[in-house]
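The sequence shown begins at 0 in numbering that gives the first Met the number 0 and counts up one residue at a time.
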Amino acid sequence: MPMSPRKRAQAFRGVQYGILVLVVAAMVFFANWEKLGNAFFDLEAMSTQFPGIITTALVNTIIYTGLGFALGLALGLVLALMKLSSVAPYRWIATVYIEFFRGVPALLVFIALGFGVPVAFQIQFDTYSTVAIALGLVGSGYIAETLRAGIQAVPKGQVEAARSLGMSQTRAMVTIVIPQAFRIILPPLTNELILLTKDSSLIYILGLLGTQYELAKFGREGMNATNSMSPILLAGLCYLLITVPLGYLSRHLERRAGRKRDEGLEVTA
Numbered sequence: 000m001p002m003s004p005r006k007r008a009q010a011f012r013g014v015q016y017g018i019l020v021l022v023v024a025a026m027v028f029f030a031n032w033e034k035l036g037n038a039f040f041d042l043e044a045m046s047t048q049f050p051g052i053i054t055t056a057l058v059n060t061i062i063y064t065g066l067g068f069a070l071g072l073a074l075g076l077v078l079a080l081m082k083l084s085s086v087a088p089y090r091w092i093a094t095v096y097i098e099f100f101r102g103v104p105a106l107l108v109f110i111a112l113g114f115g116v117p118v119a120f121q122i123q124f125d126t127y128s129t130v131a132i133a134l135g136l137v138g139s140g141y142i143a144e145t146l147r148a149g150i151q152a153v154p155k156g157q158v159e160a161a162r163s164l165g166m167s168q169t170r171a172m173v174t175i176v177i178p179q180a181f182r183i184i185l186p187p188l189t190n191e192l193i194l195l196t197k198d199s200s201l202i203y204i205l206g207l208l209g210t211q212y213e214l215a216k217f218g219r220e221g222m223n224a225t226n227s228m229s230p231i232l233l234a235g236l237c238y239l240l241i242t243v244p245l246g247y248l249s250r251h252l253e254r255r256a257g258r259k260r261d262e263g264l265e266v267t268a
């Protein structure tokens, strides 16, 4: 007799679990655990990274990310409003900017700011300005599209109600639309913050002083000094200290927004 769809799904799931178990068993059986332990879990090499990996590298990574995100959020809001503008040149400028910085690798933006701009315009940025501008330019392209979607998701009836009360279009946008849009887009904004945290590691290509090291550069220097991969693993764990809580925050905000949306639908029904 042919299997029912439910039994076929169960059988397919069982095959997947079986393949996963075989892969894990093969990795456990064939891996050279002694070499892996010496290469990645050398506690002596890890101990040499403290406290600098926390007090310098982790702190700098958070600062770089915060600066880039702040600039990206400000630029992104302006670009989102320009793209929604009724003035055609504003829309064209915003569209070109967004498509350009969403399509260009962040590495090229760092290189342009670190080497191209000083040569072309005789303007030399310090490390913090370079990373803030580079991350801000890259992040603003993505944030602008997220904000645009959030603004358009706010019911138009609320703007019309605000205008009927005598509010100008600008005041209605600032006091009614944008606050609601931010509540809608908080989860994707958190994801963008995670991406910027990882992109901050690209600052290493410009050359840094010891006090300016972020996690990736600090781990790389530790690897060269100890001839062990353990400092890189430790740097990766420090990245997780930042990104995992942000991931949980993003999911929490998404669930909360979903509950509020469901409650709103129940009220209107």
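Note that beta-carbon positions come from the ideal geometry of N, C-alpha and C, so glycine has one too.
The DSSP-derived three-state label of Ser3 is coil. Apart from the 5 residues on each side of it in sequence, Thr145 sits with its Cβ closer than 6 Å to the Cβ of Ile184 and Pro187 in its chain, given in chain order. About 6 Å separates the beta carbon of Ile150 from that of Val176, a gap short enough to meet the 8 Å contact definition. The C-beta distance from Glu213 to Ile202 rounds to 6 Å, short enough to meet the 8 Å contact threshold.
Rounded to whole angstroms, the separation of the alpha carbons of Gly135 and Thr196 is 12 Å.
In the three-state DSSP reduction, Gly165 falls in the coil class, being neither helix nor strand.
For Phe99, the enclosing alpha helix (DSSP H) has its first and last residue at Ala87 to Gly102. In the structure shown, the three-state DSSP call for Phe29 is helix. In chain order, Leu146 place their CB closer than 7 Å to the CB of Leu76, counting only its own chain and leaving out the 5 sequence neighbours on each side.
When the Cα atoms are used, Leu70 and Ala38 turn out to be separated by approximately 39 Å. Annotation for Leu74: Gly135 and Ser139 place their beta carbon closer than 7 Å to its own, counting only its chain and skipping 5 residues before and after.
Residues Ile175 of the same chain have their beta carbon placed closer than 6 Å to that of Gln157, with the five preceding and five following residues left out of the count. Following the DSSP letters along the chain, one finds Asp198 inside the alpha helix (DSSP H) bounded by residues Ile177 to Asp198. Glu98 and Thr169 have their C-alpha atoms roughly 26 Å apart. Pairing Tyr63 with Val118 gives a Cβ-Cβ distance that is not under 7 Å. In this structure, Thr94 sits away from Gln211, with a CB-CB distance that is not shorter than 7 Å. Contact between the stretch 242-251 and the stretch 223-234 is absent: fewer than 3 CB-CB pairs across the two stretches fall below 8 Å. Linking Leu42 to Phe120 through their CA atoms gives a straight-line distance of about 48 Å. The straight-line gap separating the alpha-carbon atoms of Thr60 and Arg219 is approximately 14 Å.
Counting only runs of 4+ residues, the alpha helix (DSSP H) found wholly inside the stretch 107-177 occupies 116-120, 126-152, 155-163 and 168-171, in chain order. Between the C-alpha atoms of Gly235 and Gly206 there is a straight-line separation of about 21 Å.
In the structure shown, the three-state DSSP call for Tyr212 is coil. Each residue's CA atom was taken as its position, placing Gly209 and Ala44 some 18 Å apart.
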